[in-house]
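Asker: In our numbering, the protein residues as written are 1298 to 1544. Submitted below is the structure of interest, expressed as structure tokens.
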């Protein structure tokens, strides 16, 4: 089939994919969670190897990078009806890059912090996106549309809708709590409070150490003075012949 015709056909089929998404919402929530966790594992391993030390990835505290789950489902909704992997690779990479750029801009604007940086790669845009990452996302799009999502839908089909709904509710609750805590923790005011608390603790520790050193020094001087006095008293009580005999 002509790539242009197939792409246009897929765009007209988006409504069907959205209807399927809504009717299978619990499954989609669980797929989102699994792919987000997989993205976190991938980024943690990759960045730890590059950095030479264990690197925590993602905005959330939990083992999840939601941008992967959101990207996978968005790509599936838009491109899920396309059977040509090359088209999915190109359009999926473009769509995922758009999502990554929008997310990166929002996080930097809201929290004044970078969660990833592609500045070392050629042709990057503000360090948020780059062609190399887009190529990876293109491959990820192909795997999501043709492997991950169909396979997970098949696995989840063994569970009843009631069971899936309970599982999805638990996942949503955990994400809600994690997101709320992460927003509060990563907010500028929270970081400032933590820095101020650390500075105050450091100042108090320094003051306590200085006070303890000063007190100890006074005690040593006092004991030394007492020893000198006692030594002088002993000398005064001994006869002069004692000192002459020991010369």
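No residue lacks a Cβ here, since even glycine has one placed at the ideal position from N, Cα and C. Values in this document were obtained by computation on a predicted structure and should not be read as measured data.
#1: Can you tell which of 1446, 1315, 1346, 1435 has its C-alpha closest to the C-alpha of residue 1395?
#2: Verify whether the separation of the beta carbon atoms of residue 1385 and residue 1442 is less than 8 Å.
#3: I need the straight-line Cα distance from residue 1482 to residue 1391, nearest angstrom please.
#4: Just reading off the alpha helix (DSSP H) that residue 1313 is part of, what are its end residues?
#5: If I measure Cβ to Cβ from residue 1439 and keep anything under 8 Å in the same chain, skipping five residues before and after, which residues do I get?
#6: Roughly how many whole angstroms lie between the Cα atoms of residue 1545 and residue 1355?
#7: Leaving out the 5 sequence neighbours to the left and right, which residues in its chain are closer than 6 Å to residue 1363 when beta-carbon positions are compared?
#8: Roughly how many angstroms separate the alpha carbons of residue 1314 and residue 1377, rounded to a whole number?
#9: Quick one: using the 10 Å Cβ neighbour count with 16 as the cut-off for buried, is residue 1349 buried or exposed?
#10: Are the beta-carbon atoms of residue 1324 and residue 1461 separated by less than 8 Å?
#11: Would you tell me roughly how many angstroms separate the C-alpha atoms of residue 1310 and residue 1317, rounded to the nearest one?
#12: May I have the straight-line CA-CA distance separating residue 1329 from residue 1420, to the nearest angstrom?
#13: Mark residue 1487 as exposed unless 16 or more other C-beta atoms lie within 10 angstroms of its C-beta, in which case mark it buried.
#14: Looking only at C-alpha atoms, which of 1456, 1473, 1398 sits nearest to residue 1321?
Answerer: Quick answer:
#1: The count along the chain shown starts at 1 and reaches residue 1395 at position 98. Looking at the Cα atoms, 1435 is the closest of the given residues.
#2: The sequence position of residue 1385 within the chain shown is 88, counting from 1. The sequence position of residue 1442 within the chain shown is 145, counting from 1. Cβ distance < 8 Å, so residue 1385 and residue 1442 count as in contact.
#3: Numbered from 1 along the chain shown, position 185 holds the residue referred to as residue 1482. Numbered from 1 along the chain shown, position 94 holds the residue referred to as residue 1391. Straight-line Cα distance between these residues: approximately 32 Å.
#4: Locating residue 1313 in the chain shown gives position 16, where the first residue counts as 1. Where residue 1313 is concerned, the enclosing alpha helix (DSSP H) stretches over 1311-1320.
#5: Counting from 1 along the chain shown, the entry for residue 1439 is found at position 142. Excluding positions up to five away in sequence, the list reads 1382, 1385, 1386, 1389.
#6: No answer is possible for residue 1545: it lies beyond the span of the chain, which begins at 1298 and ends at 1544.
#7: Your numbering for residue 1363 matches position 66 in the chain shown. The beta carbon of residue 1363 is closer than 6 Å to those of 1333 in its chain, skipping five residues each way along the sequence.
#8: Numbered from its first residue, the chain shown carries residue 1314 at position 17. Numbered from its first residue, the chain shown carries residue 1377 at position 80. So the alpha carbons of these two residues sit roughly 7 Å apart.
#9: As a position in the chain shown, residue 1349 is number 52, starting the count at 1. By the neighbour-count rule (16 or more Cβ atoms within 10 Å), residue 1349 is not buried but exposed.
#10: Residue mapping note: residue 1324 aligns to position 27 of the chain shown, counting from 1. Residue mapping note: residue 1461 aligns to position 164 of the chain shown, counting from 1. Contact: yes.
#11: Within the chain shown, residue 1310 is the residue found at index 13, counting from 1. Within the chain shown, residue 1317 is the residue found at index 20, counting from 1. If I take the Cα positions, the gap works out to 11 Å.
#12: Your numbering for residue 1329 matches position 32 in the chain shown. Your numbering for residue 1420 matches position 123 in the chain shown. When the Cα atoms are used, residue 1329 and residue 1420 turn out to be separated by approximately 30 Å.
#13: In the chain shown, the residue the question calls residue 1487 occupies position 190. Note that residue 1487 has pLDDT 49, beneath the 50 cutoff, so the model's placement of it is unreliable and no number is given.
#14: Counted from its first residue, the chain shown places residue 1321 at position 24. Measuring from the Cα of residue 1321, the nearest candidate turns out to be 1456.
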